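J.: Here the sequence shown stands for residues 3 to 367, where the numbers follow our numbering. Backbone N, C-alpha and C fix where the C-beta goes; we use that ideal spot for every residue, glycine too. The structure presented is a predicted model; accordingly, all values stated were derived computationally and were not measured.
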Amino acid sequence: MTDIWQLVRPSIKQIKPYSPGKSSQEVKEELGIEEVTKLASNENPLGPSPQAIAAMQQAAADVYIYPDPLCRDLTEALAAHWDVDPEGIVVGRGSDEIIHMLGLAFLNPGEEVIYSSPPFALYPFTTIIMDAKSVQIPHKDFVHDLPAMAAAITNRTKMIFISNPYNPTGTIVTADEIKEFMAQVPDDVVVMFDEAYYEYVDDADYGDGLPFVEEGRNAIVLRTFSKTYGLAGLRIGYGIAPPELAAALKQVREPFNVAGIAQAAALASLQDPEQVQRSFQLVQEGKEYLYNEFDNMGLGYVPTQANFVFVDVGIDSQECFDALMRCGVTVRTGDIFGFPTYIRVTIGTAEQNRHFVNALCEVLA
Ligand SMILES: Cc1ncc(COP(=O)(O)O)c(C=O)c1O
Numbered sequence: 003m004t005d006i007w008q009l010v011r012p013s014i015k016q017i018k019p020y021s022p023g024k025s026s027q028e029v030k031e032e033l034g035i036e037e038v039t040k041l042a043s044n045e046n047p048l049g050p051s052p053q054a055i056a057a058m059q060q061a062a063a064d065v066y067i068y069p070d071p072l073c074r075d076l077t078e079a080l081a082a083h084w085d086v087d088p089e090g091i092v093v094g095r096g097s098d099e100i101i102h103m104l105g106l107a108f109l110n111p112g113e114e115v116i117y118s119s120p121p122f123a124l125y126p127f128t129t130i131i132m133d134a135k136s137v138q139i140p141h142k143d144f145v146h147d148l149p150a151m152a153a154a155i156t157n158r159t160k161m162i163f164i165s166n167p168y169n170p171t172g173t174i175v176t177a178d179e180i181k182e183f184m185a186q187v188p189d190d191v192v193v194m195f196d197e198a199y200y201e202y203v204d205d206a207d208y209g210d211g212l213p214f215v216e217e218g219r220n221a222i223v224l225r226t227f228s229k230t231y232g233l234a235g236l237r238i239g240y241g242i243a244p245p246e247l248a249a250a251l252k253q254v255r256e257p258f259n260v261a262g263i264a265q266a267a268a269l270a271s272l273q274d275p276e277q278v279q280r281s282f283q284l285v286q287e288g289k290e291y292l293y294n295e296f297d298n299m300g301l302g303y304v305p306t307q308a309n310f311v312f313v314d315v316g317i318d319s320q321e322c323f324d325a326l327m328r329c330g331v332t333v334r335t336g337d338i339f340g341f342p343t344y345i346r347v348t349i350g351t352a353e354q355n356r357h358f359v360n361a362l363c364e365v366l367a
């Protein structure tokens, strides 16, 4: 029989499978424990807004019909919320899907995509699938090196991906830095600002990508309902772009890509500003607590603008992961990002943070 891998497109063989880490269920089964504190995927432990839960319950009865393919109600609400043109909004199955759509719509084989190293996993994934070429620019002190990224632009550059805040380090690039960078980006390059953690930022110097969308640049801002809004399991996110750019993405969108329940929950969440406030507050308090504990333990960490902290535990990250797991806590190892002694820990509830800190003290003792 023909080896299936001889039929597969060569580029697909290069893809390293996404490593989601161990699920709480796997850990419970493996260790025979009841409760797992999952601080591995930057989810929101507060869960969704009560209004979103009510909206999902109501929408559940309608799942026998296909959802609105244009996500009209949500698009209108998002346009009003951000004061942007509704024609420029594209809703996707998580912002992951919009990254994928960007690849499908814009990348020809051999064209270059610039992003920081280490990258968010979807950037190389999309680039490889499209037979395009990744140009990875090493971070500088955990922050995007925007001058080096600008210097890497060639006439083959098609897109630039900037995760701001930056996953896995939690750092940001400022409004001034982005402005200077954008002044060097030619108009035939599409810049994607991945702002999955936007709502957690408390640094006044932060710069989002919307001004460039409003200027009509070839720019797109991605936001998500997975983080602050606590809807990661529903898979819903969106892009805000100039209408022409959004129209190109809609060409490659699957007809019914976003479930009706997800649309209803996102709409209700958007109408509950307290959800964002509560989540923001939890992260602010949590990060102060963690910084303090890390200081007490003498551990170096990267001050964060997101809902996770990248911390140097001083031992092999995989060993640390295994030992924490035996205490019922899961985190993300830094080795996958090229930092073999770091872990990335999501900021949880006060109780979860305490559980993590106690476990870490035990592991490092
Ligand atoms: C930087 C970054 N971009 C995008 C995403 C994907 O989010 P979504 O759940 O909306 O697909 C994540 C999720 O962790 C992320 O960290």
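(1) Helix, strand or coil for P305? Go by DSSP, reduced to three states.
(2) Would the beta-carbon of A2 be found less than 8 angstroms away from any heavy atom of ligand 1?
(3) Go ahead and pull the three-state DSSP assignment for Y125.
(4) Could I get the ranges of all uninterrupted alpha helix (DSSP H) runs contained in the region 6-75, with 4 residues as the minimum, in chain order?
(5) Thinking C-alpha only, which one of P245, V187, D190 is nearest A81?
(6) In the DSSP output, what is G94 paired with across the bridge?
(7) Between M103 and A153, what straight-line distance do the alpha-carbon atoms span, to the nearest angstrom?
(8) Tell me whether D98 counts as near ligand 1, meaning its Cβ is closer than 8 angstroms to at least one heavy atom of that ligand.
(9) Please identify the residue among G340, D337, F341, C329 whose C-alpha is closest to the C-alpha of T39.
(10) Leaving out five residues before and five after P120 in sequence, what residues of the same chain have Cβ atoms less than 6 angstroms from its Cβ?
(11) Of the residues M299, A63, K289, which one's Cα is nearest the Cα of V311?
(12) Could you round the C-beta distance between S51 and D274 to whole angstroms and report it? I think they count as a contact, below 8 angstroms.
(13) Give the secondary structure of S136 by DSSP, where H, G and I count as helix, E and B as strand, and everything else as coil.
(14) Name the residue from Y117, G172, S136, I131 whose alpha carbon lies nearest to the alpha carbon of D147.
(15) So if DSSP puts F312 in a beta bridge, which residue, or which two residues, is it bridged to?
(16) With the cut-off set at 9 angstroms, would you say F323 and I349 are in Cβ contact?
(17) Does ligand 3 have a heavy atom nearer than 8 angstroms to the CB of G239?
(18) Along the chain, where does the alpha helix (DSSP H) that runs through F183 open and close?
(19) For P111, count the other beta carbons within 10 Å of its own beta carbon; 16 or more makes it buried, fewer makes it exposed. Which is it?
(20) Closer than 8 angstroms to a non-hydrogen atom of ligand 1 - does that hold for the CB of A261?
(21) Which value, in whole angstroms, describes the spacing of the CA atoms of R95 and T226?
(22) Nearer than 8 angstroms: is that true of the beta carbon of T128 relative to any heavy atom of ligand 1?
(23) Within the chosen definition, does the region 266-283 reach the region 231-242 through at least 3 CB pairs nearer than 8 angstroms?
(24) Using the beta-carbon count (16 or more within 10 Å), is G105 buried or exposed?
(25) Residues bridged to F195 by DSSP?
(26) Hey, would you say I180 sits closer than 9 angstroms to F127, going by beta carbons?
(27) What is the DSSP secondary structure of V86, reduced to helix, strand or coil?
(28) For V333, which of helix, strand or coil comes out of DSSP?
(29) Between A62, K30, V223, R158, which has its C-alpha nearest I263's C-alpha?
(30) Can A198 be considered in contact with ligand 1, in the sense that its beta carbon sits closer than 8 angstroms to one or more heavy atoms?
(31) F183: buried (16+ other C-beta within 10 angstroms of its C-beta) or exposed?
(32) Quick one, which of Q307, R255, V260 has its alpha-carbon nearest A107's?
(33) Closer than 7 angstroms by C-beta to I139: which residues in its own chain qualify, once you throw out the five before and the five after it? Chain order, please.
(34) Run the CB neighbour count on I67, radius 10 Å, all protein chains shown included, and call it buried at 16 or more, exposed below.
(35) From this set, T171, H83, A134, V347, which residue's C-alpha is nearest T332's C-alpha?
(36) Give me the Cα-Cα distance between G316 and L109, rounded to the nearest whole angstrom.
T.: This is what the structure gives:
(1) coil
(2) Any question about residue 2 goes unanswered here, given that the chain covers just 3 to 367.
(3) helix
(4) 6-9, 12-15, 26-33, 52-62
(5) For A81, the closest C-alpha among the options P245, V187, D190 is that of P245.
(6) G239
(7) 26 angstroms
(8) yes
(9) C329
(10) Result list for P120: F339, G340, in chain order.
(11) K289
(12) Yes, they are in contact, since the Cβ atoms of S51 and D274 sit about 4 angstroms apart, within 8 angstroms.
(13) S136 falls in the strand class under three-state DSSP.
(14) Y117
(15) V304, R346
(16) no
(17) Ligands displayed in this structure: ligand 1; ligand 3 is not among them.
(18) Where F183 is concerned, the enclosing alpha helix (DSSP H) starts and stops at 177-184.
(19) exposed
(20) no
(21) Whole-angstrom Cα-Cα distance: 10 angstroms.
(22) no
(23) yes
(24) buried
(25) Under DSSP, F195 takes part in a beta bridge, and its partners are I164, V223.
(26) no
(27) coil
(28) Looking at V333 - three-state DSSP - the assignment turns out to be coil, as it is neither helix nor strand.
(29) A62
(30) yes
(31) buried
(32) R255
(33) I116, S118, S119, D147, A150, M151, A154
(34) exposed
(35) Here the closest residue by C-alpha is V347.
(36) 40 angstroms
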